[in-house]
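Inspection log for the structure reproduced underneath, given as structure tokens.
Numbering (this note's numbering), first residue to last: 71 to 387.
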């Protein structure tokens, strides 16, 4: 019994030590309004893991963050380490929060592991005194001396007409696309086989990274549109996550799905070039997410059938 406990504790410690770690720290001494606060984010993960990251410069879209230094991955004994340094500015006195950041890893068994840092509380207690170097106004006053110039008025009118034309063109194309889809016979798509087919097209070897991620993203969106999210092809990644949250789906699965689609969005629209090793695993990661949704759907069907059988049995008694 004693040795069983020892082996159990040893195995638990070994498993914990082999997991990725994310540490977020900051220099919070003498924090003043609008002045930069230095942040440091350390990502440490075992050699057997692969970091499936989006652009590290975009990890805090909700705060005024400026990246100053990015090093790694650096090999340290049995781990890789990435160190990200930058500064953040706050324009409100009192308690401010640097939200946690999440990263997705792929282990040697091709299982995905979601690891998040802790959030960071920073208190802004003072503003700059008069004898210190002043920063720019947080909300500078807007002053208009005269009327609107004629060229500016014409430009605004033209922009309004362009926007109206763009909206009408978008709605017309959307209507035509739906009409054409209604005329085409509904074809059963094997989404799992489609992930494998995209992987075997050799797009990465040809340098067609944008097309590769577009096909993977569209395949997952079509799958979600068929089973979970209405008009998933037309929705943003954030809208898809909101619809899934309303259906009480596992938060980890929603996070994996959102991170996968966000990475594809960065490749398609922001010209983000992911690591080649991560790109090689992209199709497998998409297939893993698809299998998780199919497993969840099967469980829901079985639960519904069980509830129905119990109700029928009670009604016959």
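Where is the CB? At the ideal position from N, CA and C, for every residue including glycine.
Which whole-angstrom value is the C-beta distance of residue i and residue j, which I expect to be below 8 Å?
{"i": "residue 107", "j": "residue 97", "result": "7 Å"}
{"i": "residue 157", "j": "residue 109", "result": "7 Å"}
{"i": "residue 90", "j": "residue 114", "result": "7 Å"}
{"i": "residue 189", "j": "residue 169", "result": "6 Å"}
{"i": "residue 154", "j": "residue 351", "result": "Not quite, the Cβ-Cβ distance comes to about 22 Å (not below 8 Å), so this is no contact."}
Which residue from the options puts its Cα closest to that of residue i?
{"i": "residue 283", "options": "147, 355, 378", "result": "355"}
{"i": "residue 192", "options": "385, 102, 319", "result": "102"}
{"i": "residue 361", "options": "167, 297, 305", "result": "297"}
{"i": "residue 142", "options": "121, 359, 136, 159", "result": "121"}
{"i": "residue 194", "options": "220, 168, 162, 182", "result": "162"}
{"i": "residue 304", "options": "244, 176, 135, 285", "result": "244"}
{"i": "residue 289", "options": "279, 316, 263, 309", "result": "263"}
{"i": "residue 293", "options": "363, 148, 238", "result": "363"}
{"i": "residue 319", "options": "359, 337, 338, 340", "result": "359"}
{"i": "residue 291", "options": "310, 381, 277", "result": "310"}
{"i": "residue 133", "options": "104, 381, 317", "result": "104"}
{"i": "residue 149", "options": "321, 88, 371, 160", "result": "88"}
Is residue i helix, strand or coil by DSSP?
{"i": "residue 296", "result": "helix"}
{"i": "residue 103", "result": "coil"}
{"i": "residue 118", "result": "coil"}
{"i": "residue 341", "result": "coil"}
{"i": "residue 161", "result": "coil"}
{"i": "residue 276", "result": "coil"}
{"i": "residue 380", "result": "helix"}
{"i": "residue 171", "result": "coil"}
{"i": "residue 374", "result": "helix"}
{"i": "residue 364", "result": "helix"}
{"i": "residue 268", "result": "helix"}
{"i": "residue 354", "result": "helix"}
{"i": "residue 302", "result": "coil"}
{"i": "residue 348", "result": "helix"}
{"i": "residue 318", "result": "coil"}
Is residue i close to chain D? Criterion is C-beta to C-beta, closer than 8 Å.
{"i": "residue 335", "result": "The structure shown contains no chain D; it holds only a single protein chain."}
Return the chain-ordered list of same chain residues with a C-beta closer than 7 Å to the C-beta of residue i, the five sequence neighbours on each side being excluded.
{"i": "residue 178", "result": "118"}
{"i": "residue 174", "result": "122, 182, 184, 326, 329"}
{"i": "residue 287", "result": "331, 334"}
{"i": "residue 357", "result": "262, 265"}
{"i": "residue 348", "result": "120, 122"}
{"i": "residue 337", "result": "279, 280, 283, 344"}
Excluding the 5 residues flanking residue i on each side, which residues of the same chain have their C-beta closer than 8 Å to its C-beta?
{"i": "residue 307", "result": "328, 331, 332, 335"}
If I measure Cβ to Cβ from residue i and keep anything under 6 Å in the same chain, skipping five residues before and after, which residues do I get?
{"i": "residue 144", "result": "151"}
{"i": "residue 136", "result": "156, 157"}
DSSP beta-bridge partners for residue i?
{"i": "residue 156", "result": "109, 137"}
{"i": "residue 92", "result": "113"}
{"i": "residue 150", "result": "115, 145"}
{"i": "residue 184", "result": "174"}
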